[in-house]
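By numbering that gives the first Met the number 0, the letter at position 200 of the sequence shown is numbered 199, and the numbering carries on one by one without gaps.
Notes to accompany the following structure.
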Amino acid sequence: MSPSMYVYQSIAQSLSDHGQDTMFGLMGDANLFFVDHFVRSSGATFVPVAFEGSAVLMAMAYGRVAGKVGIATVTHGPALTNCVTALTEGARGHVPMVLLAGDTAVSNPHNLQNIDQRETVKITGAGFEQMRSPETASYDVAHAIYRAQVEKRPIVLNMPADFMWQEVEHVRHVFPAFNAPSYVPEGNDLDEAVGMIASARRPIILAGIGAKDAVEQIRKLADRLQAPLATTLKAKGMFNDHPYNIDIFGTLSTPAAYDAIAKADCVVAFGSSLHHFTTDKGALMQGKRVVQINDTATEVAKNYHPDAALVADAGLTADNIVWWLDEAEIPGSGFTAELAMDVLTAHPKGNPDKAKPGCVNFEYALDRLEEALPKDRFLTTDGGRFMTEVWCRLSCPNAESFIATTNFGSIGLGLQVAIGAGYAVPNRPVVLFTGDGGFMMGGINEFNTAVRMNQDLIVIVANDSAYGAEHIQFLDRKMDPGLSMFEWPSFAQIGTALGGRGVLVESAAGLETAIEAIETRDKPLLIELRLDPNDVPRMRI
């Protein structure tokens with residue numbers, strides 16, 4: 000006989016049944032009891048956020064890095080509407096997570112916070128799961144987690160508040176997600192793809208984050224073809240130690256790497272949707288045969304129509320292509336012998352003397368921070384004008400150690416992602432680069448959360464006292480940029496006031512003081528880089 004308990008206890012027990020031990024959220028009257036039971040009954044960790052959307056972002060980052068479904072919870076009405084941007088970011092990034100959202104009591108449709116929560120969720124692209132009855136609570140939790148895994152997107156489980164104190168018999172439900180890799184298809188598609196690759200004289204292999212589990216197989220294919228390797232932005236760091244890694248492919252390439260890509264005659268893309276930033280709106284694919292390998296049919300030809308495509312597992316396909324090349328005794332292309340890798344991967348050095356008084360040169364600061372930041376860092380970035388230069392100049396140990404909040408084009412999401420990732424890598428420092436606008440929009444809400452939770456977090460705020468993307472557009476049209484400029488408070492002082500340590504950098508010498516603070520940190524650290532808005536590099540897009 001299953002034990003009798005309240006629904007709120009059954010919900011918490013269902014999470015424990017799935018091995019969940021960390022949850023991010025903000026409590027309200029529709030979810031506080033199950034959160035309390037989850038913590039007290041199983042010794043789980045609950046991370047209380049300052050703003051509801053933060054819980055979703057933290058859970059998504061935690062789940063992605065930890066390799067599991069992230070769990071978040073909020074209450075009803077405005078709590079859920081505060082999650083719309085975060086859910087959209089997750090849906091577009093194909094991140095599996097579950098948001099346990101309270102709902103107003105069915106018997107109280109006149110509650111001030113009552114809205115149609117299903118319709119609210121639908122506009123984000125996330126999935127919606129209704130808790131149908133007190134008796135089905137544990138089943139509905141399990142099914143939401145299952146859906147998140149197989150649909151690869153956030154699922155919102157809607158939980159009516161008046162279910163919580165109903166007595167039920169808890170039944171353990173855990174549904175396995177069937178995700179065995181698909182094999183390489185046979186027939187004309189495979190023949191055409193292999194034929195294009197075998198006949199290439201200057202092939203390049205491109206990998207996206209969808210190929211993160213196939214690194215070794217893709218490297219072997221590159222060596223067999225004598226082809227350089229490149230990645231999408233999301234897969235930054237995937238081939239760090241390979242001698243022919245040309246880093247990010249597309250608008251973020253160095254000018255020399257861009258020219259080398261332009262000379263290629265074949266691109267073999269694994270786990271990438273060939274976004275228009277990757278292809279430079281198709282310009283980098285001109286005059287080339289493009290072979291796309293992706294295990295999700297809807298990602299094939301989503302942004303660019305390839306010459307051949309295989310809906311298949313990346314690693315198995317790479318192995319299969321090598322087998323056919325060996326079987327046909329196809330020689331290596333020799334393309335890598337033509338490449339001067341030092342030139343292809345070098346970005347122009349920043350000049351510390353270029354900055355006006357009271358500011359630091361951004362490229363120089365990034366180059367110096369690349370040297371000084373902990374080598375085992377987990378790197379995250381917010382959105383904004385500053386971000387492309389960070390992506391180009393700052394390294395990360397591997398593709399699993401990098402997240403950029405780029406799926407919805409929103410600023411103000413980076414610090415939340417950094418905190419969530421920190422829970423998945425508790426013994427490593429997390430580094431976040433954000434802009435002044437992004438920090439004021441989202442970071443200032445949660446910096447104290449990192450302090451309260453004692454995280455090893457280094458936040459670098461690129462403060463040009465402007466909304467930079469708009470500032471440059473005004474200047475380009477010879478208009479007054481005044482409306483895009485702001486007199487912000489001191490972010491360094493804010494970091495200290497919120498319980499961390501803040502350091503202001505207004506010169507190259509001040510940057511060295513900040514680097515000393517990195518080495519001696521014992522609490523979340525905020526480094527404010529004062530920048531001249533007229534001396535911030537343009538976005539490389």
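Here a beta-carbon is modelled for each residue, glycine too, at the ideal position from N, C-alpha and C.
Span of the alpha helix (DSSP H) around P77: 77–80
Terminal residues of the alpha helix (DSSP H) in which E337 lies: No alpha helix (DSSP H) contains E337, which DSSP labels as neither H nor E.
Contacting residues, own chain, Cβ-Cβ under 7 Å from R146 (five flanking each side not counted): G126, E128, I154
CA-to-CA distance, S106 to E168, given in whole angstroms: 23 Å
Three-state class that DSSP yields for E159 in the structure shown: In the sequence as displayed, the identity of residue 159 is Pro instead of Glu. DSSP places P159 in strand when its eight states are reduced to three.
Beta-carbon proximity of F276 to A206, cut-off 8 Å: no
Nearest-angstrom Cα separation, counted from K353 out to V299: 45 Å
Nearest-angstrom beta carbon gap, M163 and F32 [assumed within contact, 8 Å]: 6 Å
For V73 and G24, believed in contact at Cβ under 8 Å, the rounded distance: 6 Å
Residue environment, N293, which counts as buried when at least 16 other CB atoms sit within 10 Å: buried
Whole beta strand (DSSP E) elements within the segment 105–147, 3-residue minimum: 126–129
Three-state secondary structure (DSSP) of S3: strand
For I410, the first and last residue of its enclosing alpha helix (DSSP H): Premise fails: I410 is in no alpha helix (DSSP H) and is neither H nor E.
8 Å Cβ cutoff met for G434 and A461: yes
Residue burial classification, Q285 (beta-carbon count within 10 angstroms, cutoff 16): exposed
One or two residues paired with R500 in a DSSP bridge: L524
Cα-Cα separation, Q8 to V450: 30 Å
Three-way DSSP call (helix, strand, coil) for Q8 in this model: helix
Sub-8 Å separation of F174 and A141 beta-carbons: yes
DSSP state of E566 mapped onto helix, strand, coil: Because residue 566 is not part of the residues shown, which for the chain are 0 to 540, the question remains open.
Segment contact flag, the segment 523–534 with the segment 488–496, C-beta cutoff 8 Å, min 3 pairs: yes
Given E505 as reference, the closest of V359, A423, V389 once Cα atoms are compared: V359
Exposure of N453, with buried meaning 16 or more beta-carbon neighbours within 10 Å: exposed
Environment of H75 [buried if 16+ CB atoms lie within 10 Å]: buried
Residue interval of the beta strand (DSSP E) (run including Q291): 288–293
Candidates S13, T253, Y257, I410, of which the one nearest L156 by Cα: S13
Distance, L98 Cα to L79 Cα: 9 Å
Continuous alpha helix (DSSP H) stretch holding M386: start and end: 386–392
Bounding residues of the alpha helix (DSSP H) (the contiguous stretch that carries G62): 51–65
Per-residue DSSP class, three states only, for N239: coil
Cβ pair count under 8 Å reaching 3, the segment 228–235 against the segment 356–372: no
Own chain, CB closer than 6 Å to I459, minus 5 neighbours either side, in chain order: F432, I526
Candidates G194, M195, G209, A160, of which the one nearest P180 by Cα: G209
Through-space distance from H17 to M0, alpha-carbon basis: Residue placement at M0 is flagged as unreliable, the pLDDT there being 48, under the threshold of 50; the coordinate-derived value follows with that caveat. Between M0 and H17, the C-alpha separation is close to 21 Å.
Those residues which DSSP pairs with C265 across a bridge: P202, R288
Helix, strand or coil at I217 according to DSSP, with G and I counted as helix: helix
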